[in-house]
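Let me begin by presenting the structure, written as structure tokens, before commenting on it.
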Amino acid sequence: MTAASPILDIQDLRKSYGANEILKGIDLAVHAQETVFIIGPSGSGKSTLLRCCNRLETPDAGTVTVDGVDLGDPRTDINAMRRRIGMVFQSFNLYPHMKAMDNITLALRRVSKKSRADAEVLALAALERVGLAEKRNAYPAELSGGQQQRIAIARALALEPKVMLFDEPTSALDPELVGSVLAVMSDMARAGMTMVVVSHEMRFARDAADRVVFMDHGVIVEQGSPGEIFGQSQHARTRAFVSQLER
Amino acid sequence: MDAFIEQFFNLGVMAKAFPLLMRGLGMTLLICLAVIPLGFVGGLLVALARLSRSAMLRISVRILTDLFRALPPLVLLILVYSGLPFTGIRLSPFTAVCIAFFLNSSAYYGEVLRAGVESIGSGQWEAARSTGLSGRDTFLFVVLPQAVRNVLPDLVSNTIEVVKLTSIASVVSMTELLYSADMARSITFNASPVVLAGLIYLVLLWPAVRLASRLEHRVGT
């Protein structure tokens, strides 16, 4: 594998629900340490695209390759791959019956086969990265939405993923809590994490994104630097969508 | 009135029957110890089957659970104990009780647990699977604990029913609590041992009933 080959390589990805074609042949390559934002109206297929990247959705056609491994290959151990593909959800999805620490150690122990002690060391390091080490014994219900989302990020981070997928990570948060989550994501981007982010936080995208991808009706309309997409897009559809975001 | 007390609350008869009833209680508890875990594990299997992707499995398990819920447990027990020998299978009374209760309680526990598992949103499954957890581990560590907590009042109620139902083991001549009491009644021609058995059931189950209703209130709020 050469240094230039992408961490995440999506080729001609197609997905339909019944007669409704959600993804109509998506090609997208994300390289190491890149932060790629995917924007677009609801129903444009961006979440489905993200969910195909760790096979929470099974594509109808096309390939998704992560770190050189074809996820659709029947010989691929999908659970081993998912460990390397972190995912952060809109609704956090922490395990409510477990303390923050146990939320993070579960996969370390069951999937990475670490001892409890080793898992807790890694979990604590991840909690420190999101600035919540002191909340390690809190249950999710005792935490604010922003804190819960940062714990969810730590849960994915602790597994040392090659790429992190964010599915509208701040959409369910009260406005005053968004900043803390975005700050953690900025840190991660600066530290060299490869990230694919579905989000409409435009100001954040301007600062953190290396590339912005605009999707509509199951296709990638265009992609480019934040300046190109938010500033002087050539496409009327992109301009219309961006102007809505700015309102 | 004196005759009534003499017949139902005769302390002398109760005292004499007490050791026998305690042995009966021991047998009742032994039966409970066997059939409650059996029913719970069976219920887990039923719940898993009902949530399976295979339509064949879903439908066949559904038909079976419907059948065993509709069949009176006493009839089921008699069929297992007295019917199976005709097919060449001879069972001890204890084994027959275990099989009959397994078939009956699995169906009930299964329905309760299925409702519990269905109460857990897909987000929990997706979050766990996205970290690489297998389906089995996701079920055991993420979904099942939450599911059980959500249906705990129903599980406790169901277990109370199972404990009470163990008295039907008397028809296959297991000397459990009720059988012992009835034996004492027929020896003494006095109903007080049965009243005493009732009191023992009450002492045994009252806390469980209180627990169930407290849990219901907690879940309700």
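Protein chains in written order, with our numbering: chain A, 1 to 247; chain B, 1001 to 1221.
Quick reminder that beta carbons are idealized off the backbone N, C-alpha and C, glycines included.
- Beta-bridge annotation (DSSP): A:LYS24 is paired with A:ARG14.
- With respect to B:SER1105, B:GLY1039 sits close: the two C-beta atoms are nearer than 8 Å.
- Beta-carbon to beta-carbon, B:GLY1132 and A:ALA107 are separated by about 6 Å, close enough to satisfy the 8 Å threshold.
- Assigned with DSSP and collapsed to three states, A:VAL64 falls in strand.
- Taken atom to atom, the span from the alpha-carbon of B:VAL1162 to that of B:ILE1036 is near 7 Å.
- Excluding sequence positions up to five before and after B:VAL1194, its CB lies within less than 6 Å of the CB of ALA1181, ARG1185, all in the same chain and listed in chain order.
- Shown here for A:LEU173: same chain residues with a beta carbon closer than 8 Å to its own, the five before and five after excluded, namely GLY145, GLY146, GLN149, VAL181 in chain order.
- DSSP, read as helix, strand or coil, puts A:GLY86 in strand.
- Not a single C-beta of chain A is nearer than 8 Å to the C-beta of B:VAL1041.
- For B:MET1027, the uninterrupted alpha helix (DSSP H) segment begins and ends at 1011–1050.
- For A:GLY224, the enclosing beta strand (DSSP E) covers residues 219–224.
- Under the criterion of beta carbons closer than 8 Å, A:ASN79 and B:SER1134 qualify as touching, at roughly 6 Å.
- Rounded to the nearest whole angstrom, the C-alpha separation of B:THR1065 and B:ALA1107 is 5 Å.
- B:THR1131 sits in coil when the DSSP states are folded into three classes, being neither helix nor strand.
- The residue among B:VAL1143, B:THR1087, B:GLY1116 with its C-alpha nearest the C-alpha of B:GLY1123 is B:VAL1143.
- About 6 Å separates the beta carbons of A:ILE26 and A:LEU49, which is inside the 8 Å limit, making them a contact pair.
- Residue range 211–216 is occupied by the beta strand (DSSP E) that includes A:MET215.
- Contact note: B:LEU1133 reaches chain A through ASN79, LEU106, ALA107, ARG110, VAL111, using a C-beta cutoff of 8 Å and chain order.
- Taking the beta carbon of B:ASP1137 as reference, the chain A residues within 7 Å of it are ARG110, listed in sequence order.
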